[in-house]
Each structure stands twice: as C-alpha cells, then as structure tokens.
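Single-structure report; data block below.
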Amino acid sequence: KAGVTQTPRYLIKTRGQQVTLSCSPISGHRSVSWYQQTPGQGLQFLFEYFSETQRNKGNFPGRFSGRQFSNSRSEMNVSTLELGDSALYLCASSLEAGGHTDTQYFGPGTRLTVL
Amino acid sequence: AQTVTQSQPEMSVQEAETVTLSCTYDTSENNYYLFWYKQPPSRQMILVIRQEAYKQQNATENRFSVNFQKAAKSFSLKISDSQLGDTAMYFCALCTGTASKLTFGTGTRLQVTL
Chain A
1170 KAGVTQTPRY
1180 LIKTRGQQVT
1190 LSCSPISGHR
1200 SVSWYQQTPG
1210 QGLQFLFEYF
1220 SETQRNKGNF
1230 PGRFSGRQFS
1240 NSRSEMNVST
1250 LELGDSALYL
1260 CASSLEAGGH
1270 TDTQYFGPGT
1280 RLTVL
Chain B
-4 AQTVTQSQPE
6 MSVQEAETVT
16 LSCTYDTSEN
26 NYYLFWYKQP
36 PSRQMILVIR
46 QEAYKQQNAT
56 ENRFSVNFQK
66 AAKSFSLKIS
76 DSQLGDTAMY
86 FCALCTGTAS
96 KLTFGTGTRL
106 QVTL
C-alpha cells in the first residue's frame, strides 16, 4: 500500500504571496491532519479533516486554512505569507474507522521557504 | 490542555548498547494514547511504538520497548542493541480520546556511534 504523499516537496515563495500544499492519504484512510515543524516551535498541530469536515483546529491565524475532498485528499492554504511561515509542513493520515484513535502515518513533508 | 516534555535534547549511545529516552506528559483525560515517532535526518517521520493508556502491559516492537508508568505520567522508550540506523530525532507524542491531534514533545536527538 502506498504511503502518504505530499506535493510539492519543496517550495520557495516571497512575503505576501499565497501557497497551496497537497496531501494524499494512505488508501482507505479517512482522517488527514496537518502539522507545522519549525526549529523554534517544534511540531504544532494545524488542523484535522475527517469526511470533508474540519474536526479539530490548532492555534494558528486565519491565514491558514484547509479542506478535504471526497476522496480524502486534502489541501492546506496559507495566504499573505510571512517570513515566520517558513517551515516543514507535515501531513498525516489515519484510518478512523471505529471511533477510536488510530495511529497517524506521516508523509515526507513540504519544505516551504518564504523570502 | 495536554503537554509532553522530553528533558533530554541530545543523547549518544554506542552500537549494540542500550539507551533509554525519557518522556513525561500531562493530561486530565482518562482515555489517551502515547506514541514514539522517529525522524531520521532529512527523512520522514515514522512510528516506532504505540501505547494505549488503558493497557497495563508495556508495548514492545522488536528492539524497542516502553516503560509506561501511568500514575507518574511517564513514558520512556528503551532501544536495545542500538544500530547506526537508529540515529534520528525521537519524538514522544500524546493523543487524547478520539481526536486525531497529536501533542508532541520537543524531541531527543539520538546519535548511535561505532
């Protein structure tokens, strides 16, 4: 079974631009979560989508948004980019079939650099 | 709110030796799950081991085992017979209830040497 895939792997943008990152979960997985990883703040939860609905949201400004499609693929968008948005963005998927917590499996990440 | 604390920023172990990474956590929930993830340099995060809080038995996966002390809110990872491929950043993580939201510790950088 293919793992979680993320595109693009690397991205360079300038301040003020917007960016869209994509995540394809493991086949059959219904939940997709997004995390931001930076040297200063570590790993922080952005949001989670399940059945096309945002189920959980972390403490990030409204510039960060996401969505999930009917095939469970997810995108996250960051508008009006700031230098501090430079980070590794990780996507994770889990099965979530029985109402209990399943293990999250991570993709390779998208490295975003904001100049 | 949940917190996860890893007090060892860096550790080093010789090949074939045993090393223990520490993790403490705090949550008011009764139903929660604990994980250790490994992130090798420039490579993706992979699951090492998982522990359900309601299980008293410590989880094991080959050379990896945990010491889960629920009352003390401690969740340490023991790596036996360390291998060069174990060199990585190790993250302890907590997930409560049915929410797919992991709270991570700051990580421990483990270096396995010859």
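Line order of the protein sequences matches chains A and B.
With the numbering used here applied, the first sequence covers 1170 to 1284.
With the numbering used here applied, the second sequence covers -4 to 109.
Yeah, the Cβ is synthetic: ideal placement off N, Cα and C, and Gly gets one too.
State yes or no: is the beta carbon of residue i nearer than 7 Å to at least one beta carbon in chain B?
{"i": "GLY1209 (chain A)", "result": "no"}
{"i": "THR1272 (chain A)", "result": "yes"}
{"i": "GLU1221 (chain A)", "result": "no"}
{"i": "ASN1225 (chain A)", "result": "yes"}
{"i": "SER1202 (chain A)", "result": "yes"}
In chain B, which residues lie with their C-beta within 8 Å of the C-beta of residue i?
{"i": "PHE1214 (chain A)", "result": "LYS96, LEU97, THR98"}
Contact criterion: CB-CB distance below 7 Å. Does residue i meet it with respect to chain A?
{"i": "THR13 (chain B)", "result": "no"}
{"i": "ARG58 (chain B)", "result": "no"}
Since residue i meets chain A, which of its residues come closer than 9 Å, beta carbon to beta carbon?
{"i": "GLY102 (chain B)", "result": "GLY1211, LEU1212"}
What in chain A is Cβ-close to residue i, meaning under 7 Å?
{"i": "MET40 (chain B)", "result": "LEU1259, PHE1275"}
Check the DSSP bridge columns for residue i and list the partner residues they point to.
{"i": "ASN1246 (chain A)", "result": "A:THR1189, A:SER1234"}
{"i": "PHE59 (chain B)", "result": "B:GLU56, B:ILE74"}
{"i": "THR1211 (chain A)", "result": "At residue 1211 (chain A) the sequence reads Gly, which differs from the Thr that was named. Answer by DSSP bridge pairing, in chain order: A:THR1207."}
{"i": "ILE1181 (chain A)", "result": "A:THR1282"}
{"i": "GLU5 (chain B)", "result": "B:ARG104"}
With residue i and residue j assumed to form a contact (beta carbons below 8 Å), what rounded beta-carbon distance in angstroms separates them?
{"i": "THR1174 (chain A)", "j": "GLY1276 (chain A)", "result": "6 Å"}
{"i": "LEU1215 (chain A)", "j": "GLY1227 (chain A)", "result": "5 Å"}
{"i": "VAL107 (chain B)", "j": "LEU79 (chain B)", "result": "5 Å"}
{"i": "VAL1188 (chain A)", "j": "CYS1260 (chain A)", "result": "At roughly 14 Å, the Cβ-Cβ gap does not stay under 8 Å, so VAL1188 (chain A) and CYS1260 (chain A) are not in contact."}
Under 9 Å Cβ-Cβ, which residues of chain B neighbour residue i?
{"i": "SER1263 (chain A)", "result": "SER95"}
{"i": "GLY1185 (chain A)", "result": "Residues of chain B passing the Cβ test: none, with the nearest at roughly 29 Å."}
Could you name the residues of chain A that residue i contacts, counting a contact when the two beta carbons are closer than 8 Å?
{"i": "PHE86 (chain B)", "result": "LEU1212"}
For residue i, go through chain B and note every residue whose CB falls closer than 7 Å to its CB, in chain order.
{"i": "GLU1217 (chain A)", "result": "SER95, LYS96"}
* 3 or more residues per run - each beta strand (DSSP E) lying fully within the segment 17 to 48 of chain B -> 19 to 21, 27 to 34, 41 to 47
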